[in-house]
Amino acid sequence: MSGLEGGCACGAVRYRLTSEPLFVNCCHCFDCQRQTGSAFVINVLIETDRVELLSGAPQPVEAPREEGPPQRIFRCPDCQVAVFSEYGSPDVRFVRGGTLDEPSAVSPDAHIYTRSKVPWVTLPDDTPSFEVYYEAQALWPPASLARLDEVRKLRAARDA
Ligand SMILES: [Zn+2]
Ligand SMILES: [Zn+2]
84 MSGLEGGCAC GAVRYRLTSE PLFVNCCHCF DCQRQTGSAF VINVLIETDR
134 VELLSGAPQP VEAPREEGPP QRIFRCPDCQ VAVFSEYGSP DVRFVRGGTL
184 DEPSAVSPDA HIYTRSKVPW VTLPDDTPSF EVYYEAQALW PPASLARLDE
234 VRKLRAARDA
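Going by the working numbering, 162 is the number at position 79 of the sequence shown; the sequence numbering is gapless.
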């Protein structure tokens, strides 16, 4: 799954994922529905330094959420398509799966916020789903947890 490429609609922003993702969430919350104008978003979680920008400079726009601080959504400055976003940590990107050249290259590892899932979306039995969220420690592969630990340590070292 590494080496996946994607971009915006006009082609100004192009990116490449330099490794496989940490985890893939399919989020059915109201915020994601509103931001995408759709039923859910596919968030491909990966370290920021593993999203190689091949061209363009996605610009952050702050979008209010129902709870918590605004979410930073990075958009193509020309066509305004959102290519990734940030929730709290600048070290992890939530790449929007629909912007991959082959969106079918990723599939959800978990469905979250199913309490607001639209009723006409039927979830597969073999993918864990959660009314709200889950404990990453219990669900993420050990290698992904180790990678997350690593970026947190680097951040702590930089901030010290
Ligand atoms: Zn564009
Ligand atoms: Zn969401």
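The beta-carbon is built from N, C-alpha and C at its ideal position, and this holds for glycine as well.
- According to the DSSP assignment, L100 belongs to the beta strand (DSSP E) that extends over R97 to L100.
- The count of Cβ pairs closer than 8 angstroms, one atom from the region 218-225 and one from the region 90-100, stays below three, leaving the stretches out of contact.
- For the set C115, G180 and P147, the Cα lying nearest the Cα of T197 is the one of C115.
- Taking the Cα positions, G89 is about 30 angstroms away from R241.
- Two segments are said to touch when three or more pairs of C-beta atoms, one from each, lie closer than 8 angstroms; by this definition the region 115-128 touches the region 180-188.
- By the Cβ neighbour-count rule, A140 is exposed, with fewer than 16 other Cβ atoms within 10 Å of its own.
- Per DSSP, reduced to three states, the secondary structure at G181 is helical.
- The DSSP-derived three-state label of P207 is coil.
- Setting aside the 5 residues that flank it on each side, Y216 is surrounded in the same chain by I195, each with a C-beta closer than 7 angstroms to its C-beta; the list follows chain order.
- Under DSSP, Q142 forms a beta bridge with R158.
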